[in-house]
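Just below is one structure, and these are the notes that go with it.
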Amino acid sequence: MIERTYIIGRDEVPCLVRLGEGESLRWTIVALPGTSCRLSIEIDLDGPGASVDLAGLYLCRESEDVQINVLLKHNSGGCVSRQLFKGIVGGTARASFDGLIYVKQDAQKTKAYQENHTILLSDKAVVESRPQLEIYADDVECSHGATSGFLNADELFYMRSRGIREEEARRLQMISFISPVAERLSEDLKAEIYDSLA
Amino acid sequence: MNDVLLEIKNLHAGIEGKEILKGVDLVVRRGEVHAVMGPNGAGKSTLGAVLAGRPDYKVTEGSVIYDGRDLLAMAPEERSWAGLFLSFQYPIEIPGVSITNFMKAAINARRKAQGLEELKPAEFLKLLKEKMAFVQMKGEFAKREVNVGFSGGEKKRNEIFQMAMLDPAFAILDETDSGLDVDALKIVADGVNALRTPEKSIMIITHYQKLLEYIQPDVVHVLKDGRIVKTAGRELADRIWAEGFESIND
Chain P
80 MIERTYIIGR DEVPCLVRLG EGESLRWTIV ALPGTSCRLS IEIDLDGPGA
130 SVDLAGLYLC RESEDVQINV LLKHNSGGCV SRQLFKGIVG GTARASFDGL
180 IYVKQDAQKT KAYQENHTIL LSDKAVVESR PQLEIYADDV ECSHGATSGF
230 LNADELFYMR SRGIREEEAR RLQMISFISP VAERLSEDLK AEIYDSLA
Chain X
217 MNDVLLEIKN LHAGIEGKEI LKGVDLVVRR GEVHAVMGPN GAGKSTLGAV
267 LAGRPDYKVT EGSVIYDGRD LLAMAPEERS WAGLFLSFQY PIEIPGVSIT
317 NFMKAAINAR RKAQGLEELK PAEFLKLLKE KMAFVQMKGE FAKREVNVGF
367 SGGEKKRNEI FQMAMLDPAF AILDETDSGL DVDALKIVAD GVNALRTPEK
417 SIMIITHYQK LLEYIQPDVV HVLKDGRIVK TAGRELADRI WAEGFESIND
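Chain order of the listed sequences is P and X. So for the first sequence, our numbering puts the first residue at 80; every next one is plus one. So for the second sequence, our numbering puts the first residue at 217; every next one is plus one.
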């Protein structure tokens, strides 16, 4: 199991990884506020039983430009890939996620899942999400989902009605939104991220 | 100390340009329990939402004085710090936020606003356990995400739990009794009755009189088409039960 956390701008993210039989990889990629980037990653699952668990978080609060491209190739059967990318985009920032899942004709019993969810904090922020599936095998289980929206007004009022200040209520909502990715991170990095949401 | 806690005068309010409250007048004195009854669509929940400061409801006319202050000028969190509490008819789910963290944020926000230090973890835990026992919630409850996967009864008990934690001076219960079985109803009623003191007031919004068998109101109002059409003692609730809302017109 190769387990790693990459902070874009601090760490070099490999652009191509090939996994052989039974190998597995668990990556978490983080773009902290103030980071603009153009990131392209290709992960090839070349041997049976290989698996990828890829999560990403991008926090763009001002005028960042974040572009993330993921190409996930199921070249061999019996492999599993999971992707979860979450973003919070405010100010005049732009964030895009392109994710292509490619399943080769003889890559039967493939399982591939991909999700990309974003929260917009301003009317001027722009998010794009382009999930794509290219499947040539017939015995596969694949799903992808993408959502984008604003912080939930009912949640906000509920918290404020209990005495939680509006800014703190928003921060709690953001922490809640990113928690499925944030829980993979070290306590120090989590604290750094939570502080940046204030 | 002024005897009157809440004074609503000629309150007009609505949502998305539609007027729902059309001139509500109502006075709540300290220590009183008021019941606001009325048919569906009369504006009962709107009244609760406007008093708690829900932003999408707009007040177009009238005034609300709470404890000597202009309630309508206060943000929802300021109203909470001033002791106002609304038990939601449909409690909101907040995935990813535990009950513990939610209540810690709420209590410490108020303490900060009052110039007090944050509650020490041990003190907070003691309070949490005491109030959980009070609404008969088990240990794992504190770790659960707020209202996520809760049954209808659990959501209402969670509202009463939050009320007990925040110990409000004025509690509004919006249809807290709807959809509850008798056991849950008793837990809710015990929670409310424990709050009854000579200084505190309660407004129970309901369209059944069932809850009023457990919590005896001092004053009963009938709200119809955005106005209070009748105000009387608890015997009014019995009359509504026997005759229905149609017979109550003035």
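Cβ atoms here follow ideal geometry from the backbone N, Cα and C, with glycine treated the same way.
Residue burial annotation: P/TYR137 is buried, with at least 16 other C-beta atoms found within 10 angstroms of its C-beta.
X/TRP457 is outside the set of residues whose beta carbon lies under 8 Å from a beta carbon in chain P.
Per the Cβ contact rule, the stretch 360-370 of chain X is not in contact with the stretch 272-288 of chain X (fewer than 3 Cβ pairs under 8 Å). One finds PRO311 and GLY312 in chain X with Cβ atoms closer than 9 Å to the Cβ of P/PHE256, taken in chain order. Contact check for P/ARG250 against X/LEU382 fails: the beta carbons are separated by 8 Å or more.
At a beta-carbon threshold of 7 Å, the residues of chain X lying near P/ILE243 are GLU293, ALA321, ALA322 and ALA325, ordered along the chain. Remark: C-beta atoms of X/ALA358 and X/MET348 approach each other more closely than 8 Å. Note on geometry: alpha-carbon atoms of P/PRO210 and P/LEU163 lie some 12 Å from one another. DSSP, read as helix, strand or coil, puts P/GLN252 in helix. Under the criterion of beta carbons closer than 8 Å, X/GLY442 and X/GLY259 qualify as touching, at roughly 5 Å. Under a criterion of Cβ atoms nearer than 7 Å, no residue of chain P is adjacent to X/ARG360; the nearest Cβ is some 13 Å distant. Cα atoms of P/LEU124 and P/LEU264: separation of roughly 25 Å, rounded to the nearest angstrom. Taking the C-beta atoms as reference points, X/PHE386 is found nearer than 8 Å to X/LEU222.
Apart from sequence neighbours up to five positions away, the residues of its chain that approach P/ASN148 with a beta-carbon distance below 6 Å are SER119 and ASP177, ordered along the chain. Using a Cβ-Cβ cut-off of 9 Å, X/SER296 is close to ARG239, SER240, ARG241, GLY242 and ILE243 of chain P, given in chain order.
A residue is called buried when at least 16 other Cβ atoms come within 10 angstroms of its Cβ; P/TYR237 meets this threshold and is buried. Using a Cβ-Cβ distance cut-off of 8 Å, the stretch 266-276 of chain X and the stretch 200-207 of chain P are not in contact, since fewer than three pairs of beta carbons, one from each stretch, lie closer than that value.
Runs of beta strand (DSSP E) with 3 or more residues, each lying fully within the stretch 120-167 of chain P, are found at 130-139 and 144-153, listed in chain order. Sequence-ordered contacts of the stretch 261-291 of chain X with chain P read ALA268, GLY269, ARG270, PRO271, ASP272 and ALA291 [C-beta pairs closer than 8 Å].
For X/TYR430, there is no enclosing beta strand (DSSP E); the residue is found in the alpha helix (DSSP H) stretching over 426-430.
Not flagged as an interface residue toward chain X: P/ASP274, since no C-beta distance is shorter than 8 Å.
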